[in-house]
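Residue numbers (the numbering used here), protein chains in the order written: chain A, 19 to 130; chain B, 341 to 458. Every residue gets a Cβ at the ideal spot worked out from N, C-alpha and C, and that includes glycine.
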């Protein structure tokens, strides 16, 4: 029962470096999401993909890009990392029922 | 304006007692959903309970119940008979439709850190 799998779980970057967070789900969900979690601010939506082939900006998209590679996979790319992007990143997917989100375990990113 | 407001950054409760975590929301949609998630110190997000805006009965899941007061736009989580393992961060979230109607994102509150005392 893998659910939502995201990699890596931990990453340390220097300012200006790039990296991609990978996410895959095996629940045949149409919609996928990337959130970031910062202390005292809950989870904020970065980008989402309502279905394969579509992506849209969320609340805090600046500095990020995404790719919905296929129905299973949704990646998040930081082209030039900044210290303000130090955060915990969660990938999630949802079904067409209640809209409950199924989360990955999170990826802790530190930008020095 | 905040769509989801959790006014209690931290709460303490004695083991075996009940506790209520507050959540108010703001939406003009008629159709929406309200969720509670638990995040223990290990970091994963655990779904607890869901309430649809058209549901007439308050949702219950084991020791969790959602006190849904639609007119007041509140969706408080009630945990009965608290256990030490309930110590965690709790997030209230709301699902609205995008204007395109094509996706179902959740908007989260800032969370309440619950500590259960032995």
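Item, Value
"Per DSSP, cross-strand counterpart(s) of residue 407 of chain B", "B/416"
"Proximal residues, the stretch 35-63 of chain A versus chain B, C-beta separation under 9 angstroms", "48, 49, 51, 53, 55, 58, 59, 60, 61, 62 and 63"
"CB of residue 31 of chain A within 8 angstroms of CB of residue 99 of chain A, strictly", "yes"
"Residue 129 of chain A - containing beta strand (DSSP E), residue span", "125-129"
"Straight-line Cα distance separating residue 116 of chain A from residue 359 of chain B", "26 angstroms"
"Contact under 8 angstroms by Cβ, residue 454 of chain B with residue 355 of chain B", "no"
"Proximity of residue 376 of chain B and residue 406 of chain B at Cβ, strictly below 8 angstroms", "yes"
"Residue 108 of chain A classed as buried or exposed, judged by whether at least 16 other C-beta atoms fall within 10 angstroms", "buried"
"Proximity test, Cβ basis, 8 angstroms: residue 439 of chain B and chain A", "Legend: pLDDT at residue 439 of chain B = 45, less than 50; position of this residue unreliable, value from coordinates given subsequently. It does not; no Cβ of chain A falls within 8 angstroms."
"Closer than 8 angstroms to chain A by CB, residue 396 of chain B", "no"
"Burial state of residue 344 of chain B, where buried means 16 or more other Cβ atoms lie within 10 Å", "buried"
"Residue-chain proximity (residue 97 of chain A, chain B), Cβ-Cβ < 8 angstroms", "no"
"Delimiting residues of the beta strand (DSSP E) encompassing residue 27 of chain A", "Careful: residue 27 of chain A lies outside any beta strand (DSSP E) and carries neither H nor E."
"Any chain B beta carbon closer than 8 angstroms to residue 33 of chain A", "no"
"Beta-carbon gap between residue 130 of chain A and residue 105 of chain A smaller than 8 angstroms", "no"
"For residue 388 of chain B, three-class secondary structure by DSSP", "strand"
"8 angstroms Cβ shell around residue 348 of chain B - same chain, five flanking residues per side excluded", "361, 362 and 452"
"Residue of B/448, B/449, B/434 and B/450 minimising C-alpha distance to residue 369 of chain B", "B/434"
"CB contact below 8 angstroms: residue 70 of chain A versus chain B", "no"
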